[in-house]
Amino acid sequence: MKILLTGSAGFIGTAIAEQLRERGDEVVAVDLMLPMAHGQAAAPEGTHQLDVRSADSEEWAGLLRGVDVVCHQAAVVGAGVKVSDLPEYAAHNDLGTARLLVAMHEAGVRTLVQASSMVVYGEGRYTCTEHGDVVPPPRSREALDAGDFDNHCPTCGTALGWGLVDEDARLDPRSSYAASKVAQEHYATAWVRQADSAAISLRYHNVYGPHMPRDTPYSGVAAMFRSSLERGESPQVYEDGAQMRDFVHVSDVARANLASIDAAVAAPSGHHRAYNVASGHPIGIREVAEMVGQGVGAGIAPEVTGGYRLGDVRHIVASPERARVELGFSASVLPHDGLPAFATAPLRA
Numbered sequence: 001m002k003i004l005l006t007g008s009a010g011f012i013g014t015a016i017a018e019q020l021r022e023r024g025d026e027v028v029a030v031d032l033m034l035p036m037a038h039g040q041a042a043a044p045e046g047t048h049q050l051d052v053r054s055a056d057s058e059e060w061a062g063l064l065r066g067v068d069v070v071c072h073q074a075a076v077v078g079a080g081v082k083v084s085d086l087p088e089y090a091a092h093n094d095l096g097t098a099r100l101l102v103a104m105h106e107a108g109v110r111t112l113v114q115a116s117s118m119v120v121y122g123e124g125r126y127t128c129t130e131h132g133d134v135v136p137p138p139r140s141r142e143a144l145d146a147g148d149f150d151n152h153c154p155t156c157g158t159a160l161g162w163g164l165v166d167e168d169a170r171l172d173p174r175s176s177y178a179a180s181k182v183a184q185e186h187y188a189t190a191w192v193r194q195a196d197s198a199a200i201s202l203r204y205h206n207v208y209g210p211h212m213p214r215d216t217p218y219s220g221v222a223a224m225f226r227s228s229l230e231r232g233e234s235p236q237v238y239e240d241g242a243q244m245r246d247f248v249h250v251s252d253v254a255r256a257n258l259a260s261i262d263a264a265v266a267a268p269s270g271h272h273r274a275y276n277v278a279s280g281h282p283i284g285i286r287e288v289a290e291m292v293g294q295g296v297g298a299g300i301a302p303e304v305t306g307g308y309r310l311g312d313v314r315h316i317v318a319s320p321e322r323a324r325v326e327l328g329f330s331a332s333v334l335p336h337d338g339l340p341a342f343a344t345a346p347l348r349a
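For the sequence shown, position 119 (counting from the first letter as 1) is numbered 119 according to full-length UniProt numbering, and the numbering increases by one without interruption.
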């Protein structure tokens with residue numbers, strides 16, 4: 001197959017391109033090379049530098065000629081550092097995706113696989129020992145300031161336990177990035193109907209692995225912990241460090257994309273399906289910092305700060321069952337092995 005891969009020079013795009021080429025697919029590599037992700041690095045050889053927000057139809061026509069599937073990984077990522085980041089998320093993630101879908105329709109390319117994120121869910125699934133599944137209200141600033149980080153049952157006030165979130169859960173974005181990823185999924189849903197096409201959206205959990213960008217708030221938390229340890233500093237852990245997440249290795253994310261490409265090609269017109277891409281092995285944030293520290297061997301313990309970010313949620317752990325059943329995908333690199341190894345993996349400067 002011939003696959004156009006946007007965001008091809010990012011650490012996820014690089015892993016996808018490697019696996020596609022290994023199985024004999026032809027890859028058309030496209031990347032804007034945003035400084036926040038790539039620093040001052042030059043585009044890899046053979047990469048077409050293209051701004052999906054403003055590319056004209058002739059540029060797209062040439063790149064999309066003969067393409068069977070678009071694998072769309074280009075996005076501004078992270079929780080957003082400041083309110084003024086909002087237009088960047090809307091422009092790159094939403095306008096860029098909309099323009100890409102128009103170009104695909106005009107070129108007759110009818111299959112899309114795109115990167116989404118677990119942040120679309122907002123808070124995870126919560127259960128009360130007395131009242132079962134409940135939807136807690138957003139945590140208040142007053143409670144967070146007082147060090148009360150748990151969600152509580154709105155009926156009895158009991159601290160809630162967490163459960164696995166499946167793809168049918170309600171979407172409740174809590175950050176500018178999350179809102180942009182929900183919009184991308186909604187564009188895909190509309191496009192498959194209007195353009196007689198098929199699409200899959202992959203809701204990545206916390207992705208980590210070689211060639212992540214270093215020392216940037218737009219990178220993942222594992223890379224931030226790693227960068228702190230390399231400076232000889234304690235990793236800074238928000239809240240009490242007991243927040244539960246799922247960390248999935250970039251090689252597994254690439255495998256999920258290949259399985260999704262094959263599934264999307266075989267899907268009927270009008271099909272759009274979302275899948276959680278997760279390791280299936282939940283882990284606390286403090287434990288993540290400790291595992292990366294073990295791999296570095298620096299003997300530096302994480303510092304649990306008690307600080308917080310209002311856009312963060314307490315627990316978000318998704319079920320990978322749909323991907324296992326429908327795509328045949330299960331993670332092969334588990335956090336207890338992958339996170340210590342990540343401590344010495346190469347990062348992007």
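Using N, Cα and C, we set each Cβ at its ideal position, and we do this for glycine too.
No experiment lies behind these values; they were computed from the predicted model shown.
Next item on the list: Pull up the DSSP beta-bridge partners for residue 117, would you.
Entry: As a working mapping, residue 117 is identified with position 117 in the sequence shown. Per DSSP, 204.
Margin query: Below 8 Å, how does it come out for the stretch 106–126 and the stretch 70–77: are there three or more Cβ pairs, yes or no?
Written below: yes
Note to self: So, at 8 Å on beta carbons, what are the nonlocal neighbours of residue 328 in its own chain, with the 5 sequence-adjacent residues on each side left out?
What the structure shows: Within the sequence shown, numbered from 1, the residue matching residue 328 stands at position 328. Excluding positions up to five away in sequence, the list reads 259.
Checklist line | Anticipated Cβ contact below 8 Å, residue 161 with residue 316, distance rounded | finding: Here residue 161 refers to the residue found at position 161 of the sequence shown. Here residue 316 refers to the residue found at position 316 of the sequence shown. At roughly 14 Å, the Cβ-Cβ gap does not stay under 8 Å, so residue 161 and residue 316 are not in contact.
Item checked: Environment of residue 344 [buried if 16+ CB atoms lie within 10 Å] -> Walking along the sequence shown from the start, residue 344 turns up at place 344. By the 10 Å Cβ count, residue 344 comes out exposed.
Notebook entry, point to check: Can you list, in chain order, the residues of its chain whose CB lies under 6 Å from that of residue 322, leaving out five sequence neighbours each side?
Noted result: As a position in the sequence shown, residue 322 is number 322, starting the count at 1. So the list reads 167, 275, once near-sequence residues are dropped.
Item checked: Three-state secondary structure assigned by DSSP to residue 133 -> The residue given as residue 133 occupies position 133 in the sequence shown. Reduced to three states, the DSSP call for residue 133 is strand.
Notebook entry, point to check: So what does DSSP say about residue 212, is it helix, strand or coil?
Noted result: By 1-based counting over the sequence shown, the position of residue 212 is 212. The DSSP-derived three-state label of residue 212 is coil.
Item checked: Presumed contact (8 Å Cβ cut-off) between residue 210 and residue 250, rounded CB distance -> Residue mapping note: residue 210 aligns to position 210 of the sequence shown, counting from 1. Residue mapping note: residue 250 aligns to position 250 of the sequence shown, counting from 1. About 7 Å separates the Cβ atoms of residue 210 and residue 250, confirming a contact at the 8 Å cut-off.
Check: So, are the CB atoms of residue 100 and residue 63 less than 8 Å apart?
Finding: For this step, residue 100 is matched to residue 100 along the sequence shown. For this step, residue 63 is matched to residue 63 along the sequence shown. Result no, Cβ atoms of residue 100 and residue 63 do not sit closer than 8 Å.
Item checked: Inter-residue Cα distance where the pair is residue 227 and residue 269 -> In the sequence shown, the residue the question calls residue 227 occupies position 227. In the sequence shown, the residue the question calls residue 269 occupies position 269. About 45 Å.
Checklist line | residue 244 - DSSP class collapsed to helix/strand/coil | finding: As a position in the sequence shown, residue 244 is number 244, starting the count at 1. In this structure, residue 244 counts as strand in the three-state DSSP scheme.
Checklist line | Separation of residue 95 from residue 57, as counted between CA atoms | finding: One-based indexing of the sequence shown puts residue 57 at position 57. One-based indexing of the sequence shown puts residue 95 at position 95. Residue 57 and residue 95: Cα-Cα distance of roughly 15 Å.
Margin query: Whole angstroms are fine: how far does the CA of residue 147 sit from the CA of residue 303?
Written below: In the sequence shown, residue 303 corresponds to position 303, counting from 1. In the sequence shown, residue 147 corresponds to position 147, counting from 1. Going from the Cα of residue 303 to the Cα of residue 147 covers about 15 Å.
Notebook entry, point to check: Is the beta carbon of residue 247 sitting closer than 8 Å to the one on residue 292?
Noted result: On the sequence shown, residue 247 is found 247 positions in, with the first residue counted as 1. On the sequence shown, residue 292 is found 292 positions in, with the first residue counted as 1. Not in contact: residue 247 and residue 292 (Cβ atoms no closer than 8 Å).
Next item on the list: Could you please give me the residues that DSSP links to residue 236 through a beta bridge?
Entry: Against the sequence shown, residue 236 aligns to sequence position 236. DSSP lists 303 as partners of residue 236.
Item checked: Nearest-angstrom Cβ-Cβ length linking residue 180 and residue 257, presumed shorter than 8 Å -> Stepping through the sequence shown from its first residue, residue 180 is reached at position 180. Stepping through the sequence shown from its first residue, residue 257 is reached at position 257. Actually they do not touch by this definition, with Cβ atoms about 20 Å apart.
Next item on the list: From the DSSP output, read off the bridge partner residues of residue 276.
Entry: Reading the sequence shown from its first residue, position 276 is the one you call residue 276. Paired residues: 203.
Notebook entry, point to check: Which one or two residues does DSSP pair with residue 14 in a beta bridge?
Noted result: Within the sequence shown, numbered from 1, the residue matching residue 14 stands at position 14. For residue 14, DSSP records no beta bridge to any residue.
Note to self: Tell me which residues share the same chain as residue 324 and place their Cβ nearer than 7 Å to its Cβ, disregarding the 5 neighbours each side in the sequence.
What the structure shows: In the sequence shown, the residue the question calls residue 324 occupies position 324. So the list reads 330, once near-sequence residues are dropped.
Notebook entry, point to check: Would you call the stretch 103–114 and the stretch 188–199 in contact, with 3 or more CB pairs under 8 Å?
Noted result: yes
Checklist line | As assigned by DSSP and simplified to three states, the class of residue 338 | finding: Position 338 of the sequence shown holds residue 338. Here residue 338 sits in helix by DSSP.
Checklist line | Top-ranked residue by Cα proximity to residue 121, from 204, 280, 339 | finding: By one-based count along the sequence shown, residue 121 stands at place 121. Measuring from the Cα of residue 121, the nearest candidate turns out to be 204.
Note to self: Can you tell me which residues form a DSSP beta bridge with residue 308?
What the structure shows: Locating residue 308 in the sequence shown gives position 308, where the first residue counts as 1. None, per the DSSP bridge assignment.
Note to self: Taking only three categories from DSSP, how would you classify residue 5?
What the structure shows: Locating residue 5 in the sequence shown gives position 5, counting from the first residue. Under the three-state reduction of DSSP, residue 5 is assigned to strand.
Next item on the list: Have a look at 172, 285, 280 and flag the residue whose alpha-carbon is nearest the alpha-carbon of residue 223.
Entry: Reading the sequence shown from its first residue, position 223 is the one you call residue 223. Among 172, 285, 280, the Cα nearest to that of residue 223 belongs to 285.
Next item on the list: Keeping to the same chain, check which residues put their C-beta closer than 6 Å to that of residue 151; ignore five residues upstream and five downstream.
Entry: For this step, residue 151 is matched to residue 151 along the sequence shown. 126, 136, 160, 314, listed in sequence order.
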